[in-house]
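Take a look at the structure set out below.
Numbering (my numbering), first residue to last: 85 to 337.
If you want it as C-alpha cells, here you go:
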C-alpha cells in the first residue's frame with residue numbers, strides 16, 4: 085500500500101471558512117474499509133454499514149454518492165451517521181456531497197446536514213454508462229482537499245454540477261437516443277432534467293487540457309480571437325504558442 089494513497093479516507097468536521105491547513109489536517113487515511121476480513125472485491129454496502137455501526141458506534145449509517153473535482157462519473161461513496169443529531173455539522177463535506185438522496189438514490193437531496201466525521205471510498209464506474217473510464221481505487225489527501233475546495237468555491241451548487249455531469253455522461257454513452265429525438269430531446273431523471281442544447285454546451289472542451297465544461301465550469305473565450313475556449317487563464321497562456329497562428333486566422337474570419 086502506498087503511503088500517499090489509500091482506498092479509504094475519513095474527514096473530520098470542517099467549516100466552510102476553515103483554512104487550508106485545517107482542511108488538510110482533517111483528511112486522513114483510514115483502515116476502516118473494506119471491513120476486516122474482506123477486500124474491495126467481496127465487500128458490499130450492507131457489510132460496510134454493519135461494520136461502521138459496530139466500529140464507530142453509529143446509530144444509523146447511510147451512504148451518499150459524490151464526484152471528485154475532475155471525475156466524469158460518480159466516483160465517491162461517503163458514509164455518515166444519519167442518526168447523529170448532536171455532533172458539529174461537517175459543513176464542507178455537506179456542501180460537497182449534497183447531490184443525491186440517501187443510499188445513492190437518484191433524487192434531490194433532502195437529508196439535511198452531515199454531522200460528525202465521514203468515511204469515504206472510491207466507487208467503480210458503471211460499465212453500462214461509463215465503459216471507457218479508468219478505475220483507481222485509491223484516494224489521496226490532495227485529491228480530497230482539491231475536491232472539497234472546488235465545491236466550496238464553485239458558483240454552482242453540488243446538485244447542479246452533478247446533474248450536468250450525469251447528463252453529459254449519458255449523452256456520451258447513449259447519445260443515439262438523443263439524436264433520434266432531435267434537438268427537442270430532454271435528459272430526464274428523478275433528480276432533474278436538461279435540454280439537448282444545455283448538454284451539448286457542457287460537452288465543449290478546453291482547447292488546452294480537454295476537460296469539458298461539465299467538469300471545470302463555464303469556459304471562457306480567448307481574449308483575442310473571442311472564439312477558442314479555455315477553462316482558465318493558465319490554460320490559455322500555456323496554449324498560446326500553438327494557438328497564436330490560428331488566433332490570427334480566426335480574427336480575420
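Backbone N, C-alpha and C define an ideal beta-carbon position, used for all residues, glycine too.
Could you give the DSSP three-state label for residue i: helix, strand or coil?
i: residue 92; result: strand
i: residue 257; result: helix
i: residue 198; result: coil
i: residue 279; result: strand
i: residue 298; result: helix
i: residue 141; result: coil
i: residue 127; result: coil
i: residue 184; result: coil
i: residue 189; result: coil
i: residue 288; result: coil
i: residue 159; result: coil
i: residue 252; result: helix
i: residue 177; result: helix
i: residue 116; result: coil
Measuring CB to CB, does residue i end up less than 9 angstroms from residue j?
i: residue 111; j: residue 225; result: yes
i: residue 202; j: residue 166; result: no
i: residue 148; j: residue 157; result: no
i: residue 315; j: residue 304; result: yes
i: residue 275; j: residue 246; result: yes
i: residue 100; j: residue 211; result: no
i: residue 140; j: residue 116; result: yes
i: residue 132; j: residue 187; result: no
Throw me the rounded Cβ distance for the residue i and residue j pair, which I believe falls under 8 angstroms.
i: residue 251; j: residue 283; result: 5 angstroms
Taking its Cβ as the centre, do 16 or more other Cβ atoms sit within 10 Å of residue i, making it buried, or is it exposed?
i: residue 93; result: buried
i: residue 174; result: buried
i: residue 241; result: exposed
i: residue 326; result: exposed
i: residue 88; result: exposed
i: residue 168; result: buried
i: residue 151; result: buried
i: residue 106; result: exposed
i: residue 302; result: exposed
### Query
How about the region 188-201 and the region 95-111: do they share at least three Cβ pairs that are nearer than 8 angstroms?
yes
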